[in-house]
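Enquirer: Here you go, one structure.
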Amino acid sequence: MNTLRPIVQLPIFLFAAAVFLGAFLLFQVQPLIGRFLVPWFGGTPEVWTTCMLFFQLFLLAGYAYAHWISRLKPRFQAAIHLLLLLASAAAALRIAPSPALKPTPDNSPILQILWICTLSVGLPYFLLSATGPLLQAWISRLNQGFVPYRLYALSNAGSLLALISYPFLFEPTLTRSRQALFWSGAFLLFTLLCGLCAIRLLRKADPDLIPVKPDPKKPYIALAPTLKTRLLWLGLPMAASIELLAVTNKITQDIAVVPFLWVLPLCLYLLSFIICFDHQRWYNRPLFIVLFILGIFGVILARGHEENVADVRLLIGIYIGMLFACCMVCHGELYRLKPHPRFLTSFYLMIAAGGALGGIFVAIIAPLVFSSYLELHWGLLISVMFILLADQKFAKAGRRKAVYIAILLAVGIIGTQFQGTLTSNNQKPIYRTRNFFGVLTVWEESPEDPEKHKLLLQHGTTFHGLQFRHPDKRSIPTSYYGFNSGIGLLIAADPDRPGRRIGVVGLGVGTIALYGREGDCVRFYEINPDVERLACRYFTYMDDSPAQIEVILGDGRLSLENETPQRYDILVLDAFSSDAVPTHLLTREAVEIYLKHLAPDGVLAFHISTMHLDLQSVVWRLARHFGLESLWIENYEDPELGALSSDWILLSPSKAALDKPLLRTSASRPYGDPAALDLWTDDHINLLQILKNRSIDRP
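Read in order, the letters of the sequence shown are residues 818 to 1516 in my numbering.
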């Protein structure tokens, strides 16, 4: 019974419970706040990246606070922390961002997101961030000889549980507002537990706390760590953080910006911490280095053959598999460099600083320095460099080290330069730019053949439109908007309607402007100012249109929400974010906004071409909910006319609006049972129901 006493006694359990719950709340709030902010900023993956930057910066601030306060006398530590706990408990009662904080297109999205997060959860998150290292320092002080690193593994286990439970338990069953209430209540419990720990510290010594003898198999060197060791404490977590954010960007760009795909890489990142920091034996260095090398080759192969991979789950598996191997090696090497417990808070501070530097690199520096998404490749290069530096055999290589590093840099730089320079059709990029909303590239194809010479605009992995350069062909509507597409047939089915008002959420290259006639008004809503600039500079669709053309900058849904009813005859939803429509444009609340702006016999035209998601079923479910008529029109590729395959679903409150022979004869038969699908709302989106295998994506 005495052998179990140090484990089961109340004080140690109290500290462990506070650490676990604090870590759970720390990572539970991340996807929750992200769910509030994504609809406000156009559904772009960079919203998640910026949110992660905020959390990493405040994690660093919390670790710095823990490092500073642990140097004070115990009574001062306890008193200061108790006061901050009370203040943070009051702030945690309402964490949902106020609607008054919704963004305007005039300000920097990154600064706005950081500001909103600070106002909503800044102080509570700061206190939660400090909990792990601070309570480990306290229990080490109260329990001489106790090695606290397993509490770090316990902390990461709490974080992992929070991330896994969010998309599978909390998001499907609770609205966002109820999630926020649950989190606030749990934070009050955390405040109580952490306050009791502070009171234990005030007492300085506790006879119930039996000193735990250090394990002789785990010797700790009490000497101060060297500068090289501290640099590795910083560099290894920085490399893992860069890969975490870069892989998250990659899979959300190509599929959808939803919590499940955001937390999946983060879960593996935390799992590597748990495994490595629980015990040295779990990190098999040769095994994970081999897996990391295989992961790098897998990513290289996937990058060159993404269009030919039938199942999106295979692509996701390749990228997150590489990420997990990378994190295991980086964090395994980090654990091998762990210091004596008296350097514990400075060790954790450097880990947090490395994570924050990785976030700054991906969220701020990379968009300014790179014109395309190269941070994933640079992250791999940085990871390999720090792993080599951490290798004791490499450290003894003498002058050969410089040669190895030079070769590594040369190969990495040359490899990154070839990323994205040519497509499968040997198109040549003539302009590339990057901002908060992603990478835009203007490609030129077949300049040697006047009949086939064209320009294309690409965002991420998705083409936003193309135009022939030949004067006889430049007025042909191309890509997803050809004459036989859903929008082309819809307009052709009612050719005599005068003075049409057409609203379009998503500008692209402005192809739909060609369908406007004299007296018509075509009004585009575009969140990315660079899209408008490139559409006007390289493409002539809007200039060639006889209709009145208007471009409203800002998120389309927010712009429509704040406008008076526009009475559109046609309202087109075409706001692609890489391979998928931003999910916040396909919710019940969003359709309510669209219907407010629709004429009584108007039509909502949803462009839902995507390789990875069954968005047809989502729109049919919305049509069923609102009692709308619907038609599904598929269009297939026609290279001669520059037409790409496309899927359109037309919805209308008027049966007569869609009861046109041209539309009926072109419509495809719906499949599946819309009633079996969850209705998407702002509070509830179930992506798992609509992930599709492209080889069997429809009956």
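Every residue gets a Cβ at the ideal spot worked out from N, C-alpha and C, and that includes glycine.
1) Taking all protein chains shown into account, decide if Asn-1101 is buried (16 or more other Cβ within 10 angstroms of its Cβ) or exposed.
2) Thr-1046 to Thr-1427, Cα distance in whole Å?
3) List the endpoints of the continuous beta strand (DSSP E) containing Pro-1456.
4) Let me know the secondary structure DSSP gives Thr-820 once reduced to three states.
5) Can you give me the Cβ contacts of Ser-1292 inside the same chain, cut-off strictly under 8 Å, excluding the 5 residues immediately before and after it?
6) Let me confirm a value: Asp-1490 is counted as buried when at least 16 other C-beta atoms fall within 10 Å, else exposed. Which label applies?
7) So if DSSP puts Ser-1485 in a beta bridge, which residue, or which two residues, is it bridged to?
8) Taking 8 Å as the CB-CB cut-off, is Asp-1500 touching chain B?
9) Out of curiosity, what's the CA-to-CA distance linking Leu-980 and Leu-1475?
10) With the cut-off set at 8 Å, would you say Gly-1459 and Phe-1285 are in Cβ contact?
11) Examine the Cβ distances between the stretch 964–978 and the stretch 833–844 and report whether three or more of them are shorter than 8 Å.
12) Go ahead and pull the three-state DSSP assignment for Ser-887.
13) Please report how far the alpha carbon of Leu-1111 lies from the alpha carbon of Thr-1328, in whole angstroms.
14) According to the neighbour-count rule (16 or more other Cβ atoms, all chains shown, within 10 Å of its Cβ), is Ser-1462 buried or exposed?
15) Helix, strand or coil for Asp-1418, going by three-state DSSP, please let me know.
16) Under the three-state reduction of DSSP, which class applies to Gly-1282: helix, strand or coil?
17) Check the DSSP bridge columns for Trp-1260 and list the partner residues they point to.
18) Assuming Val-1389 is part of the beta strand (DSSP E), what are its boundary residues?
19) Please check the pair Arg-993 and Leu-1083, which I expect to be a contact at CB under 8 Å, by giving their CB distance rounded to whole angstroms.
20) Using a 10 Å radius around the Cβ and a threshold of 16 neighbouring Cβ atoms, would you call Glu-1335 buried or exposed?
21) If you follow the alpha helix (DSSP H) that Asp-1360 is in, where does it begin and where does it stop?
22) Taking C-beta to C-beta, are Val-1368 and Glu-1343 nearer than 8 Å?
23) Return the CA-CA distance between Asp-1499 and Ala-1422, expressed in angstroms with no decimal places.
24) What does the Cβ neighbour count give for Lys-1030, buried or exposed, with the cut at 16 atoms within 10 Å?
25) The alpha helix (DSSP H) with Ile-1016 in it runs from where to where?
26) Express the C-alpha separation of Ala-1003 and Glu-1409 in angstroms, rounding to a whole number.
27) Could you check the C-alpha separation between Leu-1324 and His-898 for me, to the nearest Å?
28) Could you check if Gly-1316 is buried or exposed, using at least 16 other CB atoms within 10 Å of its CB as the buried criterion?
29) Compare the Cα-Cα distances from Phe-1007 to each of Ser-1089, Arg-958, Pro-941 and report the closest residue.
30) Out of Thr-948, Ile-1117, Thr-1482, Lys-1271, which one is the CA nearest neighbour of Gly-1282?
31) Hey, would you say the C-beta of Cys-1014 is under 7 Å away from at least one heavy atom of the ligand MG?
32) For Phe-832, which residues from the same chain have a beta carbon less than 6 Å from its beta carbon, with the 5 sequence-adjacent residues on both sides left out?
33) Please determine if the stretch 1057–1069 and the stretch 1164–1181 are in contact, where contact requires at least 3 C-beta pairs separated by less than 8 Å.
34) Does the beta-carbon distance from Gly-879 to Ser-946 come in below 8 Å?
35) The alpha helix (DSSP H) with Ile-1369 in it runs from where to where?
36) According to DSSP, is Gly-939 helix, strand or coil?
Expert: To lay it out plainly:
1) exposed
2) 47 Å
3) Note, Pro-1456: premise wrong, no beta strand (DSSP E); not H, not E.
4) In this predicted model, Thr-820 has a pLDDT of only 38, less than 50, meaning its place in the structure is not dependable; the value taken from the coordinates is given anyway. Helix at Thr-820.
5) Leu-1331, Asp-1361
6) exposed
7) Answer by DSSP bridge pairing, in chain order: Trp-1449.
8) This model lacks chain B altogether; it includes just one protein chain.
9) 44 Å
10) yes
11) Here the stretch 964–978 makes contact with the stretch 833–844; the two share three or more CB pairs at distances below 8 Å.
12) coil
13) 43 Å
14) exposed
15) DSSP places Asp-1418 in strand when its eight states are reduced to three.
16) strand
17) Pro-1246, Leu-1273
18) 1385–1390
19) Leu-1083 and Arg-993 do not touch by the CB rule: their CB atoms are close to 19 Å apart, not below 8 Å.
20) Counting of Cβ neighbours within 10 angstroms places Glu-1335 among the exposed residues, the total staying below 16.
21) 1358–1361
22) yes
23) 20 Å
24) Reliability fails at Lys-1030, whose pLDDT of 46 lies under 50, so the model's placement of it is uncertain and no value is given.
25) For Ile-1016, the enclosing alpha helix (DSSP H) has its first and last residue at 993–1019.
26) Looking at the two C-alpha atoms, the distance is approximately 34 Å.
27) When rounded, the distance between both Cα atoms is 52 Å.
28) exposed
29) Pro-941
30) With distances taken between Cα atoms, Gly-1282 lies closest to Lys-1271.
31) In terms of ligand content, the structure shown is empty, and the ligand MG therefore cannot be addressed.
32) Leu-952, Ile-956, Cys-1014
33) yes
34) yes
35) No alpha helix (DSSP H) holds Ile-1369; the beta strand (DSSP E) holding it covers 1365–1370.
36) helix
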